[in-house]
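Asker: Going by the working numbering, the sequence shown opens with residue 6, and the numbers climb by one from there.
Backbone N, C-alpha and C define an ideal beta-carbon position, used for all residues, glycine too.
Here it is: the structure, laid out below.
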Amino acid sequence: MWVILAFVAWPLLEIGLFVEIGSRLGLWGTIGAVLLTFALGLMVLRSQGERAQNLRAAMQGIGDPAVPLAHEALILFAGLLLILPGFFTDALGLLLLLPPVRALAIARLKNKVVVQGYNMRQPRRADEDGPGTVIEGEFLEVDPKNPSSRGDSGWTRH
Numbered sequence: 006m007w008v009i010l011a012f013v014a015w016p017l018l019e020i021g022l023f024v025e026i027g028s029r030l031g032l033w034g035t036i037g038a039v040l041l042t043f044a045l046g047l048m049v050l051r052s053q054g055e056r057a058q059n060l061r062a063a064m065q066g067i068g069d070p071a072v073p074l075a076h077e078a079l080i081l082f083a084g085l086l087l088i089l090p091g092f093f094t095d096a097l098g099l100l101l102l103l104p105p106v107r108a109l110a111i112a113r114l115k116n117k118v119v120v121q122g123y124n125m126r127q128p129r130r131a132d133e134d135g136p137g138t139v140i141e142g143e144f145l146e147v148d149p150k151n152p153s154s155r156g157d158s159g160w161t162r163h
């Protein structure tokens with residue numbers, strides 16, 4: 006029931022904030038604020054992509070990566086909230102960029118999230134296992150200038 010209430014209340018809250026902030030900033034100020042937070046969200050997402058590349062290498066020596074991964078996930082979520090148009094989502098996104106707020110959110114959610122396990126092995130590449138399966142067979146080289154005389158199958162045009 007609370008999910009339905011949230012889906013109804015969230016857009017109403019955003020509309021109310023747009024009206025209130027729009028009356029103070031004006032049309033162009035409001036549009037500028039929305040575009041600014043959109044750009045900030047894109048920058049956060051881009052930096053998270055780069056940090057995700059480095060996070061895997063940095064975590065090779067760490068025992069339990071749950072807390073660093075949770076921080077990274079919340080920063081990613083903050084970037085997504087900043088991209089969404091709306092001042093309430095922007096406020097939530099900006100709050101999640103603050104480390105103490107993320108730590109509080111992780112502490113509150115820690116007991117509700119169950120992790121089955123994790124694996125930090127690098128994925129194996131096919132060429133590391135040696136040559137793959139060998140399938141023996143025979144072939145006949147066909148001259149492209151002299152197509153088969155079997156006739157048209159209906160699937161090709163000559």
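Quick test of the definition: if touching needs 3 or more C-beta pairs under 8 Å, does the stretch 13-27 touch the stretch 68-83?
Answerer: With the cut-off at 8 Å, the stretch 13-27 and the stretch 68-83 do not touch.
Asker: How close, in whole Å, do the beta carbons of Asp19 and Phe93 come, if the pair is a contact with beta carbons under 8 Å?
Answerer: Working through the sequence shown from its first residue, we reach residue 19 at position 14. Working through the sequence shown from its first residue, we reach residue 93 at position 88. The sequence shown places Glu at residue 19, not Asp. Glu19 to Phe93, Cβ: 5 Å. Contact.
Asker: Just how far apart, CA to CA, sit Pro104 and Ile80?
Answerer: For the purposes of this step, residue 104 is taken as residue 99 along the sequence shown, with counting starting at 1. For the purposes of this step, residue 80 is taken as residue 75 along the sequence shown, with counting starting at 1. For Pro104 and Ile80, the distance between alpha carbons rounds to 9 Å.
Asker: Nearest to Phe43 by alpha carbon, out of Leu85, Asn116, Leu109?
Answerer: As a working note, residue 43 is residue 38 in the sequence shown. Nearest option by C-alpha distance: Leu85.
Asker: Does DSSP put Leu99 in a helix, a strand or coil?
Answerer: Residue 99 sits at position 94 when you count from the first residue of the sequence shown. If DSSP states are grouped into helix, strand and coil, Leu99 belongs with the helices.
Asker: Smallest Cα separation from Gly91: which of Thr138, Val147, Ile36?
Answerer: Stepping through the sequence shown from its first residue, residue 91 is reached at position 86. Among Thr138, Val147, Ile36, the Cα nearest to that of Gly91 is on Ile36.
Asker: Would Arg113 be called buried (16 or more neighbouring beta carbons within 10 Å of its own) or exposed?
Answerer: For the purposes of this step, residue 113 is taken as residue 108 along the sequence shown, with counting starting at 1. Exposed is the call here.
Asker: Just tell me which of Leu74, Asp95, Leu10 has its CA closest to the CA of Gly54.
Answerer: The count along the sequence shown starts at 1 and reaches residue 54 at position 49. Answer by Cα proximity: Leu74.
Asker: Run through DSSP, which three-state label would Met6 get?
Answerer: Stepping through the sequence shown from its first residue, residue 6 is reached at position 1. Reduced to three states, the DSSP call for Met6 is coil.
Asker: Grab me the residues of Leu30's own chain with a C-beta within less than 6 Å of its C-beta, minus the 5 sequence neighbours each way, in chain order.
Answerer: Counting from one through the sequence shown, the residue named residue 30 turns up at place 25. No residues qualify anywhere along the chain.
Asker: Tell me which residue opens and which closes the alpha helix (DSSP H) that Glu146 is part of.
Answerer: Position 141 of the sequence shown, counting from 1, holds the residue named residue 146. Unbroken run through Glu146: none, as it is neither H nor E.
Asker: Do the CB positions of Leu101 and Asp95 come within less than 8 Å of each other?
Answerer: In the sequence shown, residue 101 corresponds to position 96, counting from 1. In the sequence shown, residue 95 corresponds to position 90, counting from 1. Taking 8 Å as the Cβ cut-off, Leu101 and Asp95 do not qualify as a contacting pair.
Asker: In three-state terms, what does DSSP make of Gly91?
Answerer: Looking up residue 91 in the sequence shown gives position 86. Coil at Gly91, not helix or strand.
Asker: Between the C-alpha atoms of Val24 and Leu32, what's the straight-line distance to the nearest angstrom?
Answerer: Mapped onto the sequence shown, residue 24 falls at position 19. Mapped onto the sequence shown, residue 32 falls at position 27. Each residue's Cα considered, the two are about 10 Å apart.
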